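S.K.: Note that this note's numbering gives residue 338 to position 53 of the sequence shown, counting from 1, and the numbers run on in steps of one.
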Amino acid sequence: MPVPKREAAEAAAAAAGESAPAAAAAAAAAAATSAATQPPAASSTRGRLQEILAFCLPVVLVPLADPIMSLIDTICLGRMADALQLAALGPASLLLTFSNYVLMSLSVGTVSLVAECLQRSDTAAAGTALSSSLALAAAGGALMGGTYLALGPQLLALTGADPAVLGHAAAYLRIRALALPAVVLVQVAQAGLLAQRDSLSPFRVVLAASAVSLAGDLLFIGGLGWGVAGAAWTTVAAQYLSAVLLLRALRSSVVVPRLHLPTGDELRSLSGTFGILTVFYAAKNFSYLLLQSTASRLSALLLAAHQPVWSMWCLVSFTNIPLESAALAFLPAAASRADRQETARVLLLLGAASGVVGSCVAVGLPAAAPQLFTSNAALWGPMRSVGLQGVLAMLCCGLDVAATGILLGLKDTAFVARAMMACLAVLAGFLWWARQAVPGLPAVWWGLAVFFALRAGQSVPRAVQQLGLLGGGHGSEDAAAALKGAAPA
């Protein structure tokens, strides 16, 4: 769910991929490490817009790796399998998303430590930090994978999913659990490369993994009729391929990892970088968990209709993530208050434009051509029924991602965390009410719209106030002070 690596992340969306928000967080922090070396920004809005677009476009695909693979699974199952198997992706992906968000702070901590070491030209320390993070990634992924292998059916039953889909969901989860060590390794390896300002290697790996995912699904689902098992095995292969390719790229980079178990001091250093952002990501994860658990309680038919629209929506929402990266890269390096204001205006403008374009793609495509996602005509009506909610949520998502990036760039992390906690509390109450008053798919999608409306309603006014964008005053003195010499979060 979306939602929306940083936005997990974004979001991580249960069916839309599990590691995107971590990759996005890595991209943002890595971008910030190069901010001090960038030339002064152009004074004009057009010049600043060109600068930010030039920064964002090369990294836009990096956080989309898992969402793309999950969308491929969704489309292939929708076209070449039955509705029960398509619906089974929902509860299984819900658990997979949760585990990846639990481990997401490891990626954030990794890129911060590596970036700080590189700023000091201490490549040996950067290599040690990256090696420690890779070891923790392998251990954490193995622990989560073992948990799903041992307790998968019981955990799936707790989602409240229709019993008719639980058998397929358990089969999918058991196989995908085997790849969790690779999934977390990919997150950390991407962080290591992006901290070195290498976005091309992760970009190429995403393309290769997506090609493997598509080819495997066509073979195992369409050719051999393996259904959800074929989709799961294909994704496992693509994820391990990604891990191998990224580790090879690291071997050729400036910061070369080695086999190394982290010491107590290194563990404390890693945990010290998480800070209050851990609260932010945890609250965001539980928000998505509430939305997807509500969806999992729907009938198999409605859950199958929800899955393609949800996957597409989340995939598109992740394209907003580079706006956060740009905020962290440009705001600390701004030479003056006027530069900061100009940058923030451009980011908010791009966030609004991204919401409009994203709505046309994420909601318009499933509504106009549902046959592209599933051949079951019984699902087309429910898929079209959530268009309004999807549009409202995407419009607010674009603005919120840009505004949250601005606040993170201003080091206003305490407010960001408090705001997310408030959104989580309101969403929980709304979904409890909606499950009884608005049955079916609308409960889920109105919840999504309310969630992002609340987020944008807090983050946008706060960003405007902090920088004095409306011309009233000089913005927050604390925010201006935080920008002076602030290290990337």
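Glycine included, each C-beta is placed from N, C-alpha and C at the ideal position. Quick caveat, the model's predicted, so the values are computed rather than measured.
From Ser670 to Leu369, what distance separates their C-alpha atoms?
M.R.: Answer to the nearest angstrom: the Cα atoms are 20 Å apart.
S.K.: Whole angstroms is fine: what's the gap from Gly445's alpha carbon to Ser578's?
M.R.: When rounded, the distance between both Cα atoms is 7 Å.
S.K.: State the start and end residues of the unbroken alpha helix (DSSP H) segment that holds Thr444.
M.R.: It is not in any alpha helix (DSSP H) - Thr444 carries neither H nor E in the DSSP assignment.
S.K.: From which residue to which residue does the alpha helix (DSSP H) around Ile360 run?
M.R.: Run containing Ile360: 350-365, per the alpha helix (DSSP H) assignment.
S.K.: Could you check whether the region 634-645 touches the region 682-692, counting it as contact only if at least three pairs of C-beta atoms, one from each stretch, sit closer than 8 Å?
M.R.: Output reads yes: the region 682-692 touches the region 634-645.
S.K.: Within its chain, find whatever has a CB closer than 7 Å to the CB of Val723; leave out the 5 residues flanking it on each side and keep chain order.
M.R.: Once the five neighbours on either side are set aside, the close Cβ partners of Val723 are Trp731.
S.K.: Name the two residues that bound the continuous alpha helix (DSSP H) containing Asp624.
M.R.: It spans 622-647 - the alpha helix (DSSP H) in which Asp624 sits, taken as one unbroken run.
S.K.: Would you call Val513 buried or exposed, if buried means 16 or more other Cβ atoms sit within 10 Å of its Cβ?
M.R.: Burial call: buried.
S.K.: Counting along the chain, where does the alpha helix (DSSP H) carrying Phe603 start and finish?
M.R.: Counting along the chain, Phe603 falls outside any alpha helix (DSSP H), and DSSP gives it neither H nor E.
S.K.: Considering only the alpha carbon of each residue, which of Ala590, Leu499, Leu441, Val564 lies closest to Ala663?
M.R.: The residue with the shortest Cα to Cα distance from Ala663 is Ala590.
S.K.: Three or more beta-carbon pairs under 8 Å between the region 417-430 and the region 343-361, yes or no?
M.R.: The answer is no - the region 343-361 does not touch the region 417-430, with fewer than three Cβ pairs under 8 Å.
S.K.: Classify Ala339 as buried or exposed, calling it buried when 16 or more other Cβ atoms lie within 10 Å of its own Cβ.
M.R.: By the neighbour-count rule (16 or more Cβ atoms within 10 Å), Ala339 is not buried but exposed.
S.K.: Just the Cα atoms here: how many angstroms apart are Phe503 and Cys361?
M.R.: Looking at the sequence itself, residue 503 is Leu, so the reference to Phe does not match. Each residue's Cα considered, the two are about 7 Å apart.
S.K.: Taking 8 Å as the cut-off, does the region 570-585 touch the region 513-527 (at least 3 CB pairs, one atom from each stretch)?
M.R.: The answer is no - the region 570-585 does not touch the region 513-527, with fewer than three Cβ pairs under 8 Å.
S.K.: Can you tell which of Arg331, Val345, Ala373, Ile337 has its C-alpha closest to the C-alpha of Pro593?
M.R.: When each option's Cα is compared against that of Pro593, the closest is Ala373.
S.K.: Could you check the C-alpha separation between Leu499 and Ala414 for me, to the nearest Å?
M.R.: Computed Cα separation, rounded: 35 Å.
S.K.: Could you name each continuous alpha helix (DSSP H) segment of 4 residues or more that falls completely within the region 695-757, going from the start of the chain to the end?
M.R.: For the region 695-757, whole alpha helix (DSSP H) runs of length 4 or above, ordered along the chain, are 698-722, 726-752.
S.K.: Tell me the residue span of the alpha helix (DSSP H) that contains Ala662.
M.R.: Here Ala662 belongs to no alpha helix (DSSP H), and DSSP marks it neither H nor E.
S.K.: Inspect the CB distances between the region 463-476 and the region 526-541 and report whether three or more fall short of 8 Å.
M.R.: Enough Cβ pairs lie closer than 8 Å, so yes.
S.K.: Spatial neighbours of Val539 within its chain, please: CB distance less than 7 Å, with the 5 preceding and 5 following residues excluded, ordered by chain position.
M.R.: For Val539, where only same-chain residues beyond five positions count, the Cβ hits under 7 Å are Thr408, Gln481.
S.K.: Please list, in chain order, all residues of the same chain as Ala411 whose beta carbon is under 7 Å from its beta carbon, the five residues on each side excluded.
M.R.: For Ala411, where only same-chain residues beyond five positions count, the Cβ hits under 7 Å are Val399, Cys402, Leu403, Val540.
S.K.: How should Ala455 be labelled, buried or exposed, when 16 other C-beta atoms within 10 angstroms of its C-beta is the threshold for buried?
M.R.: That one is buried.
S.K.: To which residues of the same chain is Trp511 closer than 6 Å at the C-beta, ignoring the five residues directly before and after it?
M.R.: Counting only Cβ-Cβ distances below 6 Å, and skipping sequence neighbours, we find Phe505.
S.K.: If I follow the unbroken alpha helix (DSSP H) through Asp502, where does it start and stop?
M.R.: Here the alpha helix (DSSP H) through Asp502 covers 485-502.
S.K.: Below 7 Å between beta carbons: does that hold for Ala653 and Leu692?
M.R.: Against a cut-off of 7 Å, the Cβ pair of Leu692 and Ala653 comes out as no contact.
S.K.: Less than 8 Å between the CB atoms is what I'm expecting for Val497 and Ala522, so what's the real figure, rounded?
M.R.: At roughly 6 Å, the Cβ-Cβ gap stays under 8 Å, so Val497 and Ala522 are in contact.
S.K.: So, is the C-beta of Leu443 closer than 7 Å to a C-beta in chain C?
M.R.: The structure shown contains no chain C; it is built from a single protein chain.
S.K.: Report buried or exposed for Asp697, applying the criterion of at least 16 other Cβ atoms within 10 angstroms of its Cβ.
M.R.: That one is buried.
S.K.: Quick test of your reading: Ser581 and Gly375, contact by CB under 8 Å. State the CB separation rounded to the nearest angstrom.
M.R.: With a Cβ gap of about 5 Å, Ser581 and Gly375 count as contacting.
S.K.: Could you tell me how far apart the beta carbons of Pro667 and Leu726 are, in whole angstroms, since I believe they sit closer than 8 Å?
M.R.: About 6 Å separates the two Cβ atoms, so the contact holds.
S.K.: Would you kindly report the start and end of the unbroken alpha helix (DSSP H) that includes Trp518?
M.R.: That run of the alpha helix (DSSP H) goes 513-536.
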